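Just so we're aligned: 1263 in my numbering is position 55 of the sequence shown, and the numbers increase by one with no gaps anywhere. Built from N, CA and C at the ideal position, the CB exists for glycine as well. These numbers come from a predicted model, not from an experiment. Working notes, beginning with the structure itself.
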Amino acid sequence: MGLLKSYLTTLIDNEPIADFTSESREYNYSRDWDMIITKSGANGNPLVTIEASHDNINWFEYNNKSTDVAIDEDYIRFVDEILPLKFMRIRVQANGTTTGTIGATLYLKNK
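Set out below in structure tokens:
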């Protein structure tokens, strides 16, 4: 019987909402991932895009469902069954938002 390992990693730690790109994180092609992006005290709906890379140099949008997504609730959630890339980061656009913070946590399961 295989050992299931899982862990949480913080991609954005409640940063002020502004236009920025998070630091990239390296992963070992883990499977089954869940990402929660939260906002608090915001006076608008910032946009987020999940970006991915094989080499940490050339970046592209992960997929259409995670590109320019408005955070119009307290949080949004992305789920996928496989992480086929080695690096991930999040691009944030304030989209007129001038107050509040944003956070992002990634939950990975290694099989």
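Asked                                                                                                                         : Found
Residues of its chain near residue 1322, where Cβ-Cβ distance is below 6 Å and the 5 sequence neighbours each way are ignored : In the structure as shown, the chain starts at 1209 and stops at 1319, and residue 1322 therefore has no counterpart that could be examined.
Euclidean distance between Cα positions of residue 1223 and residue 1311                                                      : 7 Å
Cβ neighbour criterion (16 or more within 10 Å) applied to residue 1254                                                       : buried
Residue closest to residue 1280, alpha-carbon to alpha-carbon, out of 1249, 1262, 1234                                        : 1249
Beta-carbon proximity of residue 1298 to residue 1258, cut-off 8 Å                                                            : yes
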